[in-house]
């Protein structure tokens, strides 16, 4: 099972009008992000990943993160049950292969 905590579309231009780098934060749950546009990057535990349209990030709890530049993305914040957690505990950041499929799927989830 999956406990979905939040879903939506995040746009850094609305949240951080003049900010070049977001404040450092530590995640408390799992985060799945699918980028719609960008000219920035994600900094996850000190590793910088360039945002690009179609990039999917899977972020685990206790990740220290920041973002730079301007971007928009679909997001899902969730907590899995113990069985699902065992299946996903070693999943790392990955890029999507089928951009149209994931975009449509995210729209269905957040709607």
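Residue numbers (this note's numbering): 5 to 115.
Glycine included, every Cβ here is placed at the ideal spot set by N, Cα and C.
- Beta-bridge pairing by DSSP links residue 93 to no other residue.
- Residue pairing by DSSP places residue 50 in no beta bridge whatsoever.
- Around the beta carbon of residue 63, a 10 Å sphere encloses 16 or more other beta carbons of the protein chains shown; the residue is thus reported as buried.
- Ranked by Cα distance from residue 92, the options 34, 7 and 81 are led by 34.
- In the DSSP assignment, residue 69 falls within the unbroken beta strand (DSSP E) covering 68-72.
- Relative to residue 107, the option among 8, 5 and 12 whose CA is nearest is 12.
- In this structure, residue 30 sits away from residue 52, with a CB-CB distance that is not shorter than 9 Å.
- Straight-line measurement puts the Cα of residue 87 at about 14 Å from the Cα of residue 95.
- Around the beta carbon of residue 48, 16 or more other beta carbons lie within 10 angstroms, which makes this residue buried.
- Unbroken beta strand (DSSP E) stretches of 3 residues or longer found wholly inside the region 11-38: none.
- Distance from the CA of residue 5 to the CA of residue 81, rounded to the nearest whole angstrom, comes to 14 Å.
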